[in-house]
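Heads up, the thing below is written out as structure tokens.
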Amino acid sequence: MDEKEIYEICMGVDSIIADKLTESIVIGTSYDMLEAHYGILPISRRSFYRRRGTAQRLIRQRMVHLVEEKNGQFRMEW
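Residue 78 is where the sequence shown ends in the UniProt record's numbering, and the numbering goes up by one at each step.
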């Protein structure tokens, strides 16, 4: 999954801080480092990590594929 797709998912989660969420997910930048670099962010630390978790969950859900086994059952494959 490329950075553009991650940004689109983050836009769906929170359009105001989507670029910061994307940077945090792709590069691994923490809330404190983002705040030190950009100044005061318009969201609390707790809400930031909650929205980041939501975005990461949506990314994982989009990466999963269903594969049909020989006996007709489906299994999830990443």
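Idealized CB from N, CA, C, for every residue including glycine.
All values reported here derive from a predicted model rather than from experimental measurement.
Checklist entry - If Val64 sits next to Trp78, beta carbons under 8 Å apart, how far is it from one beta carbon to the other, in whole angstroms? => result Contact flag correct, Cβ pair sits at about 6 Å.
Checklist entry - From Ala36 to Gly12, what distance separates their C-alpha atoms? => result Answer to the nearest angstrom: the Cα atoms are 25 Å apart.
Checklist entry - Looking only at DSSP bridge pairs, what is Met76 linked to? => result For Met76, which the question treats as bridged, DSSP gives the partners Leu66.
Checklist entry - When DSSP labels each residue in this structure, what does Thr54 get in the three-state scheme? => result The answer is helix: DSSP assigns Thr54 an H, G or I state.
Checklist entry - Should Arg51 be labelled buried (16 or more other beta-carbon atoms within 10 Å of its own) or exposed? => result Burial is judged here by how many other beta carbons sit within 10 angstroms of a residue's own beta carbon; Arg51 has at least 16 and is buried.
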